[in-house]
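Chemist:
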Amino acid sequence: MAVIPVERKPLTFAERTYIPQIIGGLRTTLKHFFAPNVTLQYPEQRPEIPKGYRGVPTLVKDPNGREKCVSCQLCEFVCPPKAIRITPGEIPDDSDNAHVEKSPQAFDIDMLRCIYCGLCQEVCPEEAIWLQNQFSMSGFTRAEMVNNKARLYELGGTLPDEHFKWDKKKTAEEHGNAH
Amino acid sequence: MFQFYFDLPLIVRLVVQAGAVILVLFPIAAACSMAERKISAWIQGRPGPNRTIAPVGGLLTPLGLAGRIPFLGPFLQQMGIFQLAADGGKFTFKEDPVPGHVNKFYFVLAPIIAMIPALTTIAVVPLGAYYAVINGQTILQPIVLANVDIGLLAVFAVSSLGVYAVILAGWASNSKYAFLGGVRASAQLVSYELAMTLSVLPAFLWMNKPGGQGTLSLFDAVQMQSGVWHGLSMASLHGMWGVFYMPVSAFIFLVALFAETNRAPFDMPESESELVAGFHTEYGAFKWSLFFLAEYCHMIIGSAVCILLFFGGWNLLPWIPLTTLIDWLSHVLPFATHPLFMGLVGIGIFVGKVFAFIFFFMWVRWTLPRFRYDQVMHLGWKKLLPLSIANLIFYTLGIALMQK
Amino acid sequence: MADLFFYTFATFTVVCAAAVVGLKNTVASALALLLCLVGVAGVFILLDAFLLAALMVFVYAGAVVALFLFIIMLLDAQGGDRKPFKKTAYVSGGIAFALLTLGVLSFWKSGAQTTGVLGSSIVPVGATLKNYGEQLFTTYLLPVQIVGFLLLIAMLGVIVLSKKFEGLEDIK
Chain A
118 MAVIPVERKP
128 LTFAERTYIP
138 QIIGGLRTTL
148 KHFFAPNVTL
158 QYPEQRPEIP
168 KGYRGVPTLV
178 KDPNGREKCV
188 SCQLCEFVCP
198 PKAIRITPGE
208 IPDDSDNAHV
218 EKSPQAFDID
228 MLRCIYCGLC
238 QEVCPEEAIW
248 LQNQFSMSGF
258 TRAEMVNNKA
268 RLYELGGTLP
278 DEHFKWDKKK
288 TAEEHGNAH
Chain B
344 MFQFYFDLPL
354 IVRLVVQAGA
364 VILVLFPIAA
374 ACSMAERKIS
384 AWIQGRPGPN
394 RTIAPVGGLL
404 TPLGLAGRIP
414 FLGPFLQQMG
424 IFQLAADGGK
434 FTFKEDPVPG
444 HVNKFYFVLA
454 PIIAMIPALT
464 TIAVVPLGAY
474 YAVINGQTIL
484 QPIVLANVDI
494 GLLAVFAVSS
504 LGVYAVILAG
514 WASNSKYAFL
524 GGVRASAQLV
534 SYELAMTLSV
544 LPAFLWMNKP
554 GGQGTLSLFD
564 AVQMQSGVWH
574 GLSMASLHGM
584 WGVFYMPVSA
594 FIFLVALFAE
604 TNRAPFDMPE
614 SESELVAGFH
624 TEYGAFKWSL
634 FFLAEYCHMI
644 IGSAVCILLF
654 FGGWNLLPWI
664 PLTTLIDWLS
674 HVLPFATHPL
684 FMGLVGIGIF
694 VGKVFAFIFF
704 FMWVRWTLPR
714 FRYDQVMHLG
724 WKKLLPLSIA
734 NLIFYTLGIA
744 LMQK
Chain C
4 MADLFFYTFA
14 TFTVVCAAAV
24 VGLKNTVASA
34 LALLLCLVGV
44 AGVFILLDAF
54 LLAALMVFVY
64 AGAVVALFLF
74 IIMLLDAQGG
84 DRKPFKKTAY
94 VSGGIAFALL
104 TLGVLSFWKS
114 GAQTTGVLGS
124 SIVPVGATLK
134 NYGEQLFTTY
144 LLPVQIVGFL
154 LLIAMLGVIV
164 LSKKFEGLED
174 IK
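Residue numbers (this note's numbering), protein chains in the order written: chain A, 118 to 296; chain B, 344 to 747; chain C, 4 to 175.
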């Protein structure tokens, strides 16, 4: 390896006294002293969430208010810290959405384990699980930190997509289930 | 009006006066800790402590009530005044553990020793001046607890005892970090005391030139800097401040002051990145807060002495001494020459300057990184000491030549 | 009043001086020395020698004892117990004390001090700074110069001793 010796310029007298540097530093700090603060007053002011932010994972419904999740358990399978636990269940026959698909009976995400990696969202074939903008999760007990299905839907809200999968399924069924 | 006060025995009056000065100095030193936090915050682009407000129970206190006044209350909250009060309460009432491995007697003694020199040095520092009529003559008198001939020497002597608190704390803590802090403090103090003492000598040489007063009084040091411009001559400086005609002295004094008060960039005894917290590693609660109050008291006294020697004391601006200012004011306000008014104006100007100095201390602290220990020693012994000796010789020769 | 102060300071000083010798712990001894010097400064103040008092505190109590402590800490971090005195120490101490007592007694006998300790109304020469300086540079100029010369020699000695020499040639 070639070693290139760099001639270091000898310090001038002014530099060796260290005083110009001190004055320069003082000028910089004084400038910051009068500059506006950069602190965000957090509970009153909220940070702007950038696009693609990975917040708390939530479950979403489609525009008609139906569950999108079909409890395929792919997210449970892919989840690296094993934070997701799904109990699959059938959709009862008297339900509006009753058909061949399933829905989760219970869907728990343990937020003490979740690492916000977003793999569940990535893997979900139904676009049912989304990491949304909420960034602070807190609770007084461990149990509180486990989001159950009701809470997940409450956090998730509705995804305004245009798939209308259940409608299509229903129409298909009414027309002889030909797909 | 105040005759009953002057009828009191002298010792009672002195105790009252000293108590009053300490009662002012102590909260100012405490407020300095909040100022430090706010200034550090502003320099770093933060708002600093601005949330605390008096609880419901605190409404019984004047400060708590002040917090509910519109505009003023939120302003005080923004300035962290309630945080200061809360800190004070916390330091007073929180548990004060004494670690098992310490030398208990000296461990408790150290913070007490820290406070003694910090609060006693103020006795010889003049705070302002007023016109007094003595034997029919109007004389400018200093406002000072003890107007002694050796004022400066007394400040130096007593404040140099402050280092024992650090040494003792370091030693009694029986821990390596604290111990290293104590050792550093003693070495640093001895190194910089020399340069500091030598740096002020030119000022007093000038004052005590042949035919001069023969005094080390701080009041006379200010008197030398008060006056109006009549052209350059040796007899008086005509209102020029010390810093203009001996800038090197002022600079050395200031640097040595930083070292003596253990402030950054010379906070070797503390150096939190190397020694945890240095000499007060093992301390907590009230004892710890005493160390901090002592440090701020030292800063206040040190900057007061620096102002008296080099920055014109209670004179408003160079060439505009307090007497001239009062003269101008007396055209507008008939009571301007009243001792009470004049004293308050003088003290106001002086305290304002002290605050400016304390701001400078903090500004430097949040600007400069800490020196390495060998750099501190190098600077003290090989740079500042020869410089101050050369400075002294220069002024000695200069004064001798100008006397001819 | 002044007498009371004198006896207080004198007793304080003597007790502290005894503590310097008697205390087991070296750091405690150094601190007793500090208090002893402060007591001496107090006596100086009673004699109206404010300058001496301030110098006493500034130089001895402020700097010299700080150096003592520094060295004690460098040598022995714990400020630990020191060795018991030898017999010769007791004997020489006794002789010194006897001589001192003898001196004080002779002073007493000769009647130089018949009034109270601070009864004299003579204004001491060193009371004001101006007098002090004048005396120092007129009457006592020779001692000042001798002391200055001694200090210079000591300083040179320190430089020679602390300098690291490579070989014998460097010393010559």
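Beta carbons: idealized from backbone N, C-alpha and C, even for Gly.
From the beta carbon of Leu61 of chain C, is the nearest beta carbon of chain B less than 9 Å away?
Modeler: Just to set this straight, residue 61 of chain C is Phe in the shown sequence, not Leu. Output row for Phe61 of chain C: interface = yes.
Chemist: Considering only the alpha carbon of each residue, which of B:Ala628, B:Ser646, B:Gly525, B:Phe499 lies closest to Phe594 of chain B?
Modeler: Closest option to Phe594 of chain B, Cα to Cα, is B:Ser646.
Chemist: Taking 9 Å as the CB-CB cut-off, is Ala31 of chain C touching chain B?
Modeler: Chain B contact via Cβ: present.
Chemist: Have a look at Leu55 of chain C and Ser542 of chain B and give me their C-alpha separation to the nearest angstrom.
Modeler: When rounded, the distance between both Cα atoms is 21 Å.
Chemist: Give a yes or no on contact between the segment 497-506 of chain B and the segment 683-691 of chain B, applying the rule of three or more CB pairs nearer than 8 Å.
Modeler: Taking 8 Å as the limit for Cβ pairs, the verdict is that the segment 683-691 of chain B does not touch the segment 497-506 of chain B.
Chemist: Which residue wins for smallest C-alpha separation from Asn733 of chain B, given the options B:Ala538, B:Lys447, B:Trp671?
Modeler: Here the sequence assigns Ala to residue 733 of chain B, which means Asn is not the residue at that position. Of the listed residues, the one whose Cα sits closest to Ala733 of chain B is B:Ala538.
Chemist: Short of 6 Å in beta carbon distance, which residues of its chain neighbour Asp227 of chain A, apart from the five on each side in sequence? Order them along the chain.
Modeler: Within the same chain, Asp227 of chain A has close Cβ partners Ala200, Val263.
Chemist: Please state the DSSP three-state secondary structure of Gln387 of chain B.
Modeler: If DSSP states are grouped into helix, strand and coil, Gln387 of chain B belongs with coil.
Chemist: Is Ala536 of chain B close to chain C, meaning its C-beta is less than 9 Å from at least one C-beta of that chain?
Modeler: It should be pointed out that residue 536 of chain B corresponds to Glu in this sequence rather than to Ala. True, the Cβ-Cβ gap to chain C drops below 9 Å.
Chemist: Going by CA-CA distance only, name the one from B:Val498, B:Gln480, B:Ile482 that's closest to Asn488 of chain B.
Modeler: The question names Asn, yet the displayed sequence has Leu at residue 488 of chain B. Among B:Val498, B:Gln480, B:Ile482, the Cα nearest to that of Leu488 of chain B is on B:Val498.
Chemist: Which residues, in order along the segment 696-721 of chain B, keep a beta-carbon less than 8 Å from a beta-carbon of chain A?
Modeler: The segment 696-721 of chain B vs chain A, Cβ under 8 Å: Trp706, Val707, Trp709, Thr710, Leu711.
Chemist: Taking CB distances under 9 Å as the criterion, tell me whether Ile412 of chain B reaches chain A.
Modeler: Not an interface residue.
Chemist: Taking 7 Å as the limit between beta carbons, can you name the residues of its chain near Phe629 of chain B, skipping five residues before and five after?
Modeler: The answer, listed in chain order, is Phe434, Thr435, Asp439.
Chemist: Could you check what DSSP says for Arg708 of chain B in three-state terms: helix, strand or coil?
Modeler: In the structure shown, Arg708 of chain B sits in a helix (DSSP, three-state: H, G or I).
Chemist: Check the Cβ-Cβ distances between Arg356 of chain B and every residue of chain C, and say whether any is below 9 Å.
Modeler: Cβ-Cβ to chain C under 9 Å: no for Arg356 of chain B.
Chemist: What is the DSSP secondary structure of Ser518 of chain B, reduced to helix, strand or coil?
Modeler: Looking at Ser518 of chain B - three-state DSSP - the assignment turns out to be coil, as it is neither helix nor strand.
Chemist: In this structure, does DSSP put Gly169 of chain A in helix, strand or coil?
Modeler: Three-state DSSP puts Gly169 of chain A in coil, outside helix and strand.
Chemist: Please say whether Ser592 of chain B and Gly656 of chain B have beta carbons closer to each other than 9 Å?
Modeler: Against a cut-off of 9 Å, the Cβ pair of Ser592 of chain B and Gly656 of chain B comes out as no contact.
Chemist: Can you pull the chain A neighbours of Pro390 of chain B, defined as C-beta to C-beta under 7 Å?
Modeler: Here the neighbours are Asn154, Thr156.
Chemist: Rank C:Ala44, C:Lys89, C:Leu36 by C-alpha distance to the C-alpha of Phe2 of chain C and give the top, closest one.
Modeler: Chain C is shown from 4 up to 175; residue 2 of chain C falls before or after that span and cannot be answered.
Chemist: By alpha-carbon positions, which one of B:Gly471, B:Val467, B:Tyr474, B:Ala512 ends up nearest to Leu495 of chain B?
Modeler: That would be B:Val467, whose Cα lies nearest to the Cα of Leu495 of chain B.
Chemist: Does the pairing of the segment 148-158 of chain A with the segment 249-263 of chain A give three or more beta-carbon distances under 8 Å?
Modeler: Segments in contact, no.
Chemist: At a CB-CB cut-off below 7 Å, which residues of chain C make contact with Asp587 of chain B?
Modeler: Before going on, a small fix: residue 587 of chain B reads as Phe here, not Asp. By Cβ distance, chain C contributes nothing, its closest Cβ being about 26 Å from Phe587 of chain B, past 7 Å.
Chemist: Using a Cβ cut-off of 9 Å (strictly closer), state whether Trp312 of chain B contacts chain A.
Modeler: Given that chain B is displayed from residue 344 to residue 747, the structure contains no residue 312 of chain B and the question cannot be resolved.
Chemist: Does Ile139 of chain A come within less than 9 Å of chain B when only Cβ atoms are used?
Modeler: Closer than 9 Å to some Cβ of chain B, the Cβ of Ile139 of chain A qualifies, so yes.
Chemist: With H, G and I counted as helix, E and B as strand and the rest as coil, what does DSSP make of Phe410 of chain B?
Modeler: One point to set straight first is that residue 410 of chain B is Gly, not Phe, in the sequence displayed. Coil at Gly410 of chain B, not helix or strand.
Chemist: Is it true that the CB of Ala564 of chain B sits closer than 9 Å to the CB of Gly585 of chain B?
Modeler: Against a cut-off of 9 Å, the Cβ pair of Ala564 of chain B and Gly585 of chain B comes out as a contact.
Chemist: Identify the continuous alpha helix (DSSP H) that holds Glu239 of chain A and give its terminal residues.
Modeler: Run containing Glu239 of chain A: 236-240, per the alpha helix (DSSP H) assignment.
Chemist: Here's the rule I'm using: 16 or more other beta-carbon atoms within 10 Å means buried, otherwise exposed. How should Ser212 of chain A be labelled?
Modeler: Answer is exposed; the Cβ neighbour count stays below 16.
Chemist: Contact criterion: CB-CB distance below 9 Å. Does Gly25 of chain C meet it with respect to chain B?
Modeler: So, not an interface residue.
Chemist: Using the Cβ count rule (16 or more neighbours within 10 Å means buried), how would you classify His623 of chain B?
Modeler: The residue in question, His623 of chain B, is buried, as its Cβ has 16 or more Cβ neighbours within 10 Å.
Chemist: Please identify, using Cβ separations under 8 Å, the residues of the segment 478-501 of chain B that lie next to chain C, in order along the chain.
Modeler: The residues in question are Val491, Asp492, Ile493, Leu496, Ala497, Phe499, Ala500, Val501.
Chemist: Strictly by DSSP, which residues pair up with Tyr716 of chain B?
Modeler: The partner list for Tyr716 of chain B (beta bridge, DSSP) is empty, contrary to what the question assumes.
Chemist: Consult DSSP for Gly82 of chain C and reduce its assignment to one of helix, strand or coil.
Modeler: Per-residue confidence for Gly82 of chain C stands at a pLDDT of 49, beneath the threshold of 50, marking its modelled position as unreliable; the derived number appears in the next sentence. Coil, per DSSP.
Chemist: Could you pull the DSSP bridge partners for Ala223 of chain A from this structure?
Modeler: According to DSSP, Ala223 of chain A bridges with A:Thr204.
Chemist: Since Phe150 of chain A meets chain F, which of its residues come closer than 8 Å, beta carbon to beta carbon?
Modeler: Among the protein chains of the structure shown, namely A, B and C, there is no chain F.
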